[in-house]
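Since the structure comes first, as structure tokens, the remarks are kept for the end.
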Amino acid sequence: MPAPHDAVSPPHLRFAPSPNGRLHLGHAYSALLNDQIAKRLGGRCLLRIEDIDPGRSRPELISAIEDDLAWLGLSYERPVRRQSEHLNLYRAALDGLIARDLAYPCFCSRGVIQARVAQMQAEGTEIDRDPDGTPLYPGTCRALPAEESAALRSQGAPHTWRLDMARALEVAPGRHRVRCFEPDGSEAVVSADPSRWGDAVIARRDVPTSYHLSVVLDDDIQGISHVVRGSDLLAATDLHALLQRLLGLRSPAYHHHRLIMAEDGEKLAKSRGSETLGDLRARGVTAEEVRRKLGF
Ligand code: GLU
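Positions 2 to 297 (this note's numbering) are the ones given, in order, by the sequence shown.
Rendered as structure tokens:
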């Protein structure tokens, strides 16, 4: 189990949106719940902007997020941490994993991976899927000779960095566990199975990090003792527990809350045209009504 977070006094929570769209009711629920639990535990809730995606994160969306949160009645300490300002720190952690042979460069495009998986399946190999339903990476680049991989990198071939899961589990052996908590503060320890993510991408092509790597580093740096986030990230916590152990980071307790669904029972998402808080505001819905609708 990663080192448990020392009983931080006061408890630290965070709301950590990615500025690649306007906030919707699901974000509002998460932000309000973080605020409510922080108050109940006598702690602080920080805002963190997870803007590592250079293609999708837009500055005007960061202002819109802060404006929507203020409209909801939530205020946060300044300065607000923005992940894009800490890429060197994530790179240093990634370099550390590479130096320990725990990560390798992967030059496969999505299409190449799909073709390889299809070929292996046609040959009768069963390929497991990760918790998001994506077939596990078949390990093609793990087997690439070091000279070949170095040559590709020196030619500037685009590549991600993948965690070598088998090596990682050798370095961090034994049972993996996550501390979970309920809004009243009661805790339970549950088993985690990081291996179900296979050789997960820990650094994207365009930035020397990924959601998984930045989130565990920032939670440690910001002294986050309690993570409150949507149940869509429940399975990711298994990978986070492993990364925390590999990197010697403290591990918060987690509460994964229910997701707010659209009227049709589907997940709220920008890509599905879900109504944003901005849309609600524009048609005259008040913050009070939003809070009440969400149970606050
Ligand atoms: N940035 C993530 C999101 O907007 C949340 C990350 C987290 O809470 O761990 O979905």
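Yeah, the Cβ is synthetic: ideal placement off N, Cα and C, and Gly gets one too.
Pairwise C-alpha distance: V172 and L137:
Working through the sequence shown from its first residue, we reach residue 137 at position 136. Working through the sequence shown from its first residue, we reach residue 172 at position 171. Their Cα atoms are separated by approximately 21 Å.
May I ask you to check if the CB of L234 is nearer than 8 Å to at least one heavy atom of the ligand GLU?
Stepping through the sequence shown from its first residue, residue 234 is reached at position 233. L234: yes, Cβ under 8 Å from the ligand GLU.
Rounded to the nearest angstrom, how far is the Cβ of I261 from that of Y30, given a contact under 8 Å?
Translated into positions along the sequence shown, residue 261 becomes position 260. Translated into positions along the sequence shown, residue 30 becomes position 29. About 5 Å; that satisfies the 8 Å criterion.
How many whole angstroms separate the CB atoms of L103 and A169, which I take to be in contact at a CB cut-off of 8 Å?
Here residue 103 corresponds to residue number 102 of the sequence shown, with the count starting at 1. Here residue 169 corresponds to residue number 168 of the sequence shown, with the count starting at 1. L103 to A169, Cβ: 5 Å. Contact.
Using the beta-carbon count (16 or more within 10 Å), is V229 buried or exposed?
Translated into the one-based positions of the sequence shown, residue 229 becomes position 228. Buried, since its Cβ has 16 or more Cβ neighbours within 10 Å.
Contact check, S85 vs D52, beta carbons under 9 Å:
Looking up residue 85 in the sequence shown gives position 84. Looking up residue 52 in the sequence shown gives position 51. A contact, by the Cβ cut-off of 9 Å.
So S192 and R176 are supposed to be a Cβ contact under 8 Å. How far apart are they, rounded?
If you number the sequence shown from 1, residue 192 lands on position 191. If you number the sequence shown from 1, residue 176 lands on position 175. Yes, S192 and R176 are in contact; Cβ-Cβ is about 6 Å, under 8 Å.
Looking at G279 and D69, is the spacing between their C-beta atoms short of 9 Å?
Along the sequence shown, read from residue 1 onward, the residue named residue 69 stands at position 68. Along the sequence shown, read from residue 1 onward, the residue named residue 279 stands at position 278. With contacts defined by Cβ atoms closer than 9 Å, D69 and G279 form a contacting pair.
Three-way DSSP call (helix, strand, coil) for P159 in this model:
Taking the sequence shown and counting its residues from 1, one reaches residue 159 at position 158. Note: P159 maps to coil in three-state DSSP.
Measure how close the beta-carbons of Y105 and R163 come, nearest whole angstrom, since I'm counting them as under 8 Å.
As a position in the sequence shown, residue 105 is number 104, starting the count at 1. As a position in the sequence shown, residue 163 is number 162, starting the count at 1. So it is a contact: roughly 6 Å between Cβ atoms.
Residues bridged to A1 [DSSP beta-bridge criterion]
With the chain represented from 2 up to 297, any question about residue 1 goes unanswered, as that position is not in the structure.
Is the beta carbon of G231 within less than 8 Å of some heavy atom of the ligand GLU?
Counted from its first residue, the sequence shown places residue 231 at position 230. Checking every heavy atom of the ligand GLU against the Cβ of G231, one is found closer than 8 Å.
How do the region 218 to 229 and the region 8 to 23 stand: do at least 3 beta-carbon pairs fall below 8 Å, yes or no?
yes
Closest residue to L247 among G112, R101, D200, E61 (Cα-Cα distance)
Taking the first residue of the sequence shown as 1, we reach residue 247 at position 246. With distances taken between Cα atoms, L247 lies closest to R101.
Using the C-alpha atoms, what's the distance from G266 back to F16?
Residue mapping note: residue 16 aligns to position 15 of the sequence shown, counting from 1. Residue mapping note: residue 266 aligns to position 265 of the sequence shown, counting from 1. F16 and G266: Cα-Cα distance of roughly 24 Å.
Below 8 Å on the Cβ atoms is my guess for R117 versus P146; work out the distance and round it to an integer in Å.
Reading the sequence shown from its first residue, position 116 is the one you call residue 117. Reading the sequence shown from its first residue, position 145 is the one you call residue 146. Beta-carbon to beta-carbon, R117 and P146 are separated by about 18 Å, too far to satisfy the 8 Å threshold.
According to the Cβ coordinates, are E78 and L48 closer than 9 Å?
Taking the first residue of the sequence shown as position 1, residue 78 is located at position 77. Taking the first residue of the sequence shown as position 1, residue 48 is located at position 47. Yes, Cβ-Cβ distance for E78 and L48 is below 9 Å.
Within 10 angstroms of its Cβ, does I222 collect 16 or more other Cβ (buried), or is it exposed?
As a working mapping, residue 222 is identified with position 221 in the sequence shown. Exposed, since its Cβ has fewer than 16 Cβ neighbours within 10 Å.
Can you tell me where the alpha helix (DSSP H) holding R246 begins and where it ends?
Here residue 246 corresponds to residue number 245 of the sequence shown, with the count starting at 1. 237 to 248 is the span of the alpha helix (DSSP H), which, as asked, contains R246.
Which of helix, strand or coil does DSSP assign to R41?
By one-based count along the sequence shown, residue 41 stands at place 40. Note: R41 maps to helix in three-state DSSP.
Between P12 and the ligand GLU, is there a pair consisting of the residue's CB and a ligand heavy atom that are separated by less than 8 Å?
Position 11 of the sequence shown, counted from the first residue, corresponds to residue 12. False, no ligand heavy atom lies under 8 Å from that Cβ.
Is R101 helix, strand or coil by DSSP?
On the sequence shown, position 100 is the one that residue 101 refers to. Reduced to three states, the DSSP call for R101 is coil.
Going by other Cβ atoms of all chains shown within 10 Å of its Cβ, with 16 needed for buried, is R259 buried or exposed?
Residue mapping note: residue 259 aligns to position 258 of the sequence shown, counting from 1. With fewer than 16 other Cβ atoms within 10 Å, it is exposed.
Could you give the first and the last residue of the continuous beta strand (DSSP E) run that contains Y77?
Position 76 of the sequence shown holds residue 77. Premise fails: Y77 is in no beta strand (DSSP E) and is neither H nor E.
What's the C-alpha gap between P157 and P209?
Within the sequence shown, residue 157 is the residue found at index 156, counting from 1. Within the sequence shown, residue 209 is the residue found at index 208, counting from 1. The residue asked about is misnamed: residue 157 is Gly in this sequence, not Pro. Their backbone Cα atoms lie some 14 Å apart in a straight line.
Reference H241, options A39, P18, G22, V216, closest by Cα:
Translated into the one-based positions of the sequence shown, residue 241 becomes position 240. If you compare the alpha carbons of A39, P18, G22, V216 with that of H241, the shortest gap goes to V216.
For the candidate residues E290, R206, T238, E276, whose alpha-carbon lies nearest to that of F108?
What you label residue 108 is simply residue 107 of the sequence shown in a count that begins at 1. That would be R206, whose Cα lies nearest to the Cα of F108.
Checking 9 Å against the spacing of the C-beta atoms, do W1 and D233 come in under that value?
Since the first residue shown for the chain is 2 and the last is 297, residue 1 is missing from the structure and cannot be characterised.
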